[in-house]
Structures are given as C-alpha cells and as structure tokens.
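Residue numbering for the sequence shown follows full-length UniProt numbering, beginning at 1 and increasing consecutively.
Quick reminder that beta carbons are idealized off the backbone N, C-alpha and C, glycines included.
In this text, all values refer to a predicted model and were calculated from it rather than measured experimentally.
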Amino acid sequence: MDPKSGMDYNSYSFSGSQSSSSPSIETKDSLHSSPFKSIASNSSSTTTSTDKTKPSVSMRSRNVTQNNADMSSSGGQRSEVPLFPGETIVGNLRARDVTYLCPYFGPIRGSLYITNYKLYFKSNESDAENLSVPLCCVSRIEKVGGATSKGENSYGIDLLCKDMRNLRFAHKQENHSRRDVFEKLSQFAFPLSNKLPIFAFEYSAKYSVNGWTAYAPIAEYKRMGLPNESWKITKINENYELCDTYPADLAVPSAASDDYLRSVASFRSRGRLPVLSWLHPESQASITRCSQPSVGMTNKRNRDDESYIQMIMDANAQSHKIFIMDARPIANAVANKARGGGYESEELYRNAEINFLDIHSIHVMRESLRKLKELCFPAIGDEQHWYSNLESTHWLEHIRSILAGTLRIVDKIENNKTSVVVHCSDGWDRTAQLTSLSMILLDPYYRTLKGFEVLIEKEWISFGHKFAQRIGHGEDKHSDDNRSPVFLQFIDCIWQITKQFPNAFEFNEYFLITILDHLYGCLFGTFLCNSEYQRHKEEVKTKTKSLWSYTNSEDNIDDFKNPLYTSYTKQHVLMPVASLRRIQLWTAYFCRWNPNLRPQEPIQTRNKELLLMRAEIKKRSDDLQKELQTKLTRIGGNGANNNSSAGASGGANAAIAGASSTSGVSTTSGLGRITSVISI
C-alpha cells in the first residue's frame, strides 16, 4: 500500500491487478479509480505479508491503494489481503458472500476483510477491482435492515466516509456475518473511543527520508531574517506554559519582556497573544496572528495589549498605521462579547484600523460541505439544475470569501507596506487559513513542494489547528459540533490559485489530494492531535512516520511535481481574482468517485511526460550554451566575451523553441517556461 496518495487509508479505493510501476488507465469498466501508488516499504511484517507496492495514482482520486498484493514472507504465495508493515487482519475475520452495492456499476459479490487499518473488499469477479478503505476515513457506521427485511440486498451495513463517499455492503442473513463485521468495524474505525491506538502508531514502514525534519522553526525564522533589531525569537513558551496551543518557539517584538508577554497573553483568548508569522524581506511589514481580545460585555481593556500592537506597528518603519483583520462577520464578533470575547476598539488601539472579513463559522462551513456531498455523490445531481443546486451549497461562495479576505491582507502588506494582525475567535481556524494563504501569495518559497510542507507544519500544525477535533480522528462522534472542513477549504483555495497561476507552483494537484487523503486516513502521524504540546506528550515524532517522509522520498517526489513550474529567485507576489466568475468546483476531488468525471488517461502520466520533455530541453539548452562558449573562447577577444552571455541565452532559447515545435510544447522566455495546458 502506499501512503503517497491517500492510500487505502484515507479513502477506500479500488485497486486492480496492474503493475504498481505504471499508472492505471481509468475506464468506464473501473469500479473506482486507483488513486495512489502504494508506499514502498523496506520492512516486512513477521506475522503477515506486507504490501510493498505503490498504489496507482489517479488525478481524480487520491487515496492510496494497492494494485498488487505482496508476496508473503513464508511461501511466495500472494496474500489474500495486501498489508502494510504493522497491519494485521483482525481475528482472521473473513465475511464471505458479501455484496458491495456500487452506485455506478451495480452489485459486486466478494469477500470482506477487516484489518487494524482498513476494510478490504475482494471481488469474486475477474474484471472488477478490489476495494480498500482506511478505517479512520469512516465517519459513521449504520446497520441497514433487520430480521424481517426482504429482498436480496436489503440487509447490510452502510459506511459514511469523510472523503465524499458512502458505501453499502449487503450480507446474507443466514450467514450471520453482519454482526461480527459491524463489531470489528466499530472497534477499529473508532480506535480512540475503544481505547485502541490509531494505526499510525502501528505502522512500521522504513523511509530513507525523515519527514519530521522538514520543518525546523529556528531555521525558518532565520530564513525570514530573524532575529533582527525589531524582532526576537523567544523561548518563553518552551514548556507550553504561556500558551499550550502555541509552539515552543515564538517570534515577538524585541522590546517585549517576558512579563509583558504574559500580560498580553492573559488578555487574549486561550492565551494566544500576537506573534509573528511572516516578515516582508524589504519593507519589514509583518503578518502576526493571535486570538480575539477578552473584551466582554463591559469593554475591558489591557494597556499592555494596546501598546504591544503599537510595538508591532513600530517594527515596520515604513508605516504609521496597522490593520487588524478580524476574519469574522461583524455580527459574530459582537456576539462573542457575551462569551467574554470581542474585538479591538479603534479608540483604544492607536493607529489601528479594524477590518471584518465576513468569513463564516465552522458550523456554517460544515453544513455547506454536507450539502455539497449530497450533490456530488453518488450521482452528479439533477443536470438541469446543476448550477442552482451547486449555488445552494454556498461552498464556492465561502471559498471566494476566504480568498477575498486573503487578498485584502496581501494588498496591505505588499502595496501599502503596512503590517497586519490577523485573528478570528480562537485563532486556529480562519486565522490559519488567512495567514497561510497570504504567505503563499507573498512568498515564492512556500510555492515549492518542500516550502509548502513547511507552511503547513508552521501555520497549521505547530500553531494549533485542532486537526483531531475538526476531522474527528478515531472518535465515534459523527455529529460532533467541533468537526468542520477548515483545512479542506484551505487546500481548495490553494487549488483555485494554482488554476489561475499554473506556472507558479512546484507541486501539482496530485500532491494536494494526497495530503487530504492522509489527513483522514491516519497512516502517518502528521495530522494527529490538536497542538504541538499534545503531539509532544504522545511522542508522535518518535512513534509514528511523517507524511513528508513519503512525499520527499526519491522514489515518490517526482510524482508530486508540476512540469509547468517556473521558479522565481526574487519576491514575486500573486494576486488571484477572487470572483465567483473565476472560482470553480474542484471536481477532481469532490467528484472523483464518479467514473464518468475522471480522465481516461491519468494526468500523472502526462505530468511525467512533460517532466521528461523539460529535462531534455534543459539538457539541449545547456549543451548549446557550452558549444557557443567554446566557439567564443576560440575566437577570443574582449568583444566576444562581453557578448557571450547574451549569445548563449539566445542559443538556448532557439534550442527550446526548436524542441517545442517538434514536441508540441509551447515555451516562452527560455528554459522552464513551459506553458502547455494539460487537458483533464
């Protein structure tokens, strides 16, 4: 199995018998796309066969799936169920004569297995793919039908999944298999509710890359030029005593003493005082993040908090104003006063201007996703009313509002050269969306594959986005009000930006879907727990594997690269259009389970072809430059030397243009600016 794309674990995916070394071709005969290459593991289980193959990847469905069963360690026989290192079949449970009621291809008969990681359905039909579903991807399990149920497929189990799918398996009453399957599913799909470990703590694959080192806080601060005269790195939260949902290393104004920081933290919700997220390399305009002030109904004030905001403004010598961007609708901010929260007063916070960005609460977003799922799965709704039904979900409207708020922040930083403070209520949901999206628009580093990993680790994971609560990892609480697609919206926004700037990102769509699949699947420890402090207590970094170990490994990293990427050595700001006319439904993710909406040829295949073509063009360009330099050296003379650079550049561009004309790839401005459009 492979963690790369989402693996069996995030979403159940069907995998056929194709070789794992080549992407699967998706046709109308496929039950589901095989979303990912399976993660190759160097280790094998001593008690069961382990899956060392990579799941085939499809741009439409990004879960990790296994295309090939592993050879068992004992005899060279193919295992009935491909297993990851550390994965075992629960109680040797095998439910025979089960029918998977596929919404697209009808009933498919086979056998059902439950492991400590996944549900695996093995089809009896030679032309049907097998189905593998990571159990942590399951949100709810329901029994269908009772003892008096009649009809061949009226008695069984429904699985409601977090990745836009629902599954139904019909059992024969006389086999008495439903009870055992339901009990094991309920136990291992919700391990924390049953005092069991999440599978990430059992997964024992070996990787050549340690993904836990992808983000080093001090190194990232140094990359931004810290410490300097205005900002310092403080260890005041080293033991998580100042704020247990913040990371240990924080960047704060140099003039702020520890006692001062404690006073400010006491006035901010959950102790989340304003700290630095990003610093403009030229203007020194900053993005700082925090939670709402504890104003309450009596309009309390904290003079230290007021002067602290002034310190942040003063750190930017080019501006005598600071903007406080409150992500909430103003009505919500006012309502929070009744709960002890609220927002800053422009009368008390000198030189500050408050802006409300009108992004709705986690509860509104959860309901919006529910409506979108009803529209997209299993069918694509009523075609005649597709657009009106899509509009009624308000999903695209919410994506637009997040992007619009982000653009307001970027405009203040880049064009006004003014520092910005961002918060919502607690500062770990909408705040993370806004700061991370602003940073990716402002800083080309975060648009690289490894830079994007740093961005997620920093702004989401270390700063306490409550992944465990928002996703519901391992908990049997499907109706929990804390669940919400906050991180999914962030990834959707990233996808929207990549559609408007296809050359600006080193990573591709497959990478985004892989991240989402592993968000739900819990094969890796990357998205476990609610804070850095909790991950430290649970020893996540020593007891689990990082998703970045998988994505950054030499065997896998090229699968996630964008062949159209053009790197920028200087500050290059993106300003996407946040208009509903430009916002699209991400069908490659939300509708990926519908075989009629998937490309017949996986886009990953085309990506690899373009990467090879790009490498060939670069080699030809380099060879021409060397050849020209050699000729110029022979000719000699100062004039020839002075013109060598321009001549080499022209020769390289001519080579690329020549290669383009024969390969069908359009290029501009020399090497790297491949602008071919991949038709999905």
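Item, Value
"Are at least three pairs of beta-carbons, each pair with one atom in the segment 561-575 and one in the segment 500-509, less than 8 Å apart?", "yes"
"Give me the residue from M439, L273, W428, T435 with the minimum Cα distance to P485.", "W428"
"Below 6 Å CB to CB, which residues in the same chain sit around V421 once its five sequence neighbours on both sides are set aside?", "P274, T288, I324"
"Are the segment 173-192 and the segment 124-139 in contact at 8 Å, needing three or more beta carbon pairs?", "yes"
"Can you give, in chain order, each stretch of the beta strand (DSSP E) that sits fully within the segment 573-625 and has at least 3 residues?", "none"
"Whole angstroms are fine: how far does the CA of R109 sit from the CA of A69?", "Only weak support exists for where A69 lies, its pLDDT of 32 falling under 50; the value from the coordinates is given anyway. Those two C-alpha atoms are separated by around 19 Å."
"Would you identify the three-state DSSP class for residue 682, choosing helix, strand or coil?", "Not covered by the structure: residue 682. The range shown for the chain is 1 to 680."
"Is the separation between the beta-carbon of L528 and that of F467 shorter than 8 Å?", "yes"
"Would residue 751 pass as a contact of R535 if the rule is Cβ separation under 8 Å?", "Residue 751 lies beyond the residue range present for the chain, which begins at 1 and ends at 680; the question has no answer from this structure."
"Mind checking which residues open and close the alpha helix (DSSP H) that includes I330?", "330-335"
"To which residues of the same chain is L167 closer than 6 Å at the C-beta, ignoring the five residues directly before and after it?", "L159"
"Which stretch, first to last residue, makes up the alpha helix (DSSP H) that contains E509?", "509-521"
"Please return the same chain residues whose Cβ sits closer than 8 Å to the Cβ of L348, not counting the five positions on each side in sequence.", "R301, E306"
"Is the separation between the beta-carbon of W212 and that of L279 shorter than 8 Å?", "no"
"If I'm right that R268 touches L242 with Cβ under 8 Å, what's the distance once you round it to whole angstroms?", "With 8 Å as the limit, R268 and L242 do not qualify as a contact, their Cβ atoms being about 11 Å apart."
"Whole alpha helix (DSSP H) runs in the segment 198-284 with 4 or more residues, listed along the chain?", "217-223, 258-267"
"Closest to N124 by C-alpha separation, out of P107, T115, R140, would be which residue?", "P107"
"Could you give the distance in angstroms between the alpha-carbon of S549 and the alpha-carbon of E391?", "39 Å"
"By the DSSP assignment, the alpha helix (DSSP H) with D492 in it spans what residues?", "486-500"
"Can you give me the start and stop residues for the alpha helix (DSSP H) that A189 sits inside?", "178-189"
"For I461, which residues from the same chain have a beta carbon less than 6 Å from its beta carbon, with the 5 sequence-adjacent residues on both sides left out?", "none"
"Out of I399, A338, S579, state which residue places its alpha-carbon closest to the alpha-carbon of residue 687.", "With the chain covering only 1 through 680, there is no way to say anything about residue 687."
"Quick one: what's C102 bridged to in DSSP?", "G106"
"Applying the 10 Å Cβ sphere with the 16-neighbour rule, what's the burial state of S368?", "buried"
"Measure the alpha-carbon distance for T435 versus L442 and round it to whole angstroms.", "10 Å"
"Starting from R303, trace the alpha helix (DSSP H) both ways and give me its first and last residue.", "303-314"
"Could you check what DSSP says for E353 in three-state terms: helix, strand or coil?", "strand"
"Quick check: the Cα distance between P253 and G474, rounded to an integer number of angstroms?", "40 Å"
"Tell me, which residues are paired with F169 by DSSP?", "Y100, I157"
"Between L112 and F121, is the Cβ-Cβ spacing less than 8 Å?", "yes"
"Taking 8 Å as the cut-off, decide whether the C-beta atoms of A256 and M311 are in contact.", "yes"
"Reducing DSSP to helix, strand and coil, say where L348 ends up.", "coil"
"Could you name the residues of the same chain whose beta carbon sits closer than 6 Å to that of T448, not counting the 5 residues immediately before and after it, in chain order?", "E506"
"DSSP puts A95 in a beta bridge; with which residues?", "L112"
"Could you name the residues that DSSP lists as bridge partners for T288?", "L276, V421"
"By a C-beta neighbour count over all protein chains shown, 10 Å radius and 16 as the cutoff for buried, is V181 buried or exposed?", "buried"
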